[in-house]
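Residue numbers (the UniProt record's numbering): 1 to 82.
C-beta: ideal position from N, C-alpha, C; glycine also.
Listed below in structure tokens is the structure:
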């Protein structure tokens with residue numbers, strides 16, 4: 001017995017654009033991570049080797065324009081406060 005719809009996984013990693021929320025093969029997206037200390041915003045990481053949570057952006061020019069305003073707010077921590 002299976003729950004929901006059974007879908008086969010694609011043979012490549014899939015990520016979602018942070019702006020349009022569409023899913024693409026990871027190789028078609030550009031990864032951005034938090035900029036180095038002292039700098040604000042997100043910096044591109046074309047080799048996908050920098051540490052931190054990646055924010056992926058598709059090649060759509062409309063998404064690129066909206067991404068300039070995207071703050072990349074950190075996600076709320078779960079659990080107890082420290």
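Host beta strand (DSSP E) of residue i (start-end)
i: residue 44; result: 42 to 44
Among the options, nearest to residue i - alpha-carbon criterion
i: residue 28; options: 69, 47, 72, 51; result: 47
i: residue 14; options: 33, 65, 8, 24; result: 24
i: residue 55; options: 44, 10, 8; result: 44
i: residue 63; options: 16, 12, 7; result: 16
i: residue 11; options: 21, 19, 67, 26; result: 26
i: residue 30; options: 60, 71, 69; result: 60
i: residue 70; options: 36, 40, 8, 22; result: 40
i: residue 58; options: 22, 9, 7; result: 22
Start-to-end residues for the alpha helix (DSSP H) that takes in residue i
i: residue 64; result: 61 to 67
DSSP beta-bridge partners of residue i
i: residue 25; result: 14
i: residue 56; result: 31
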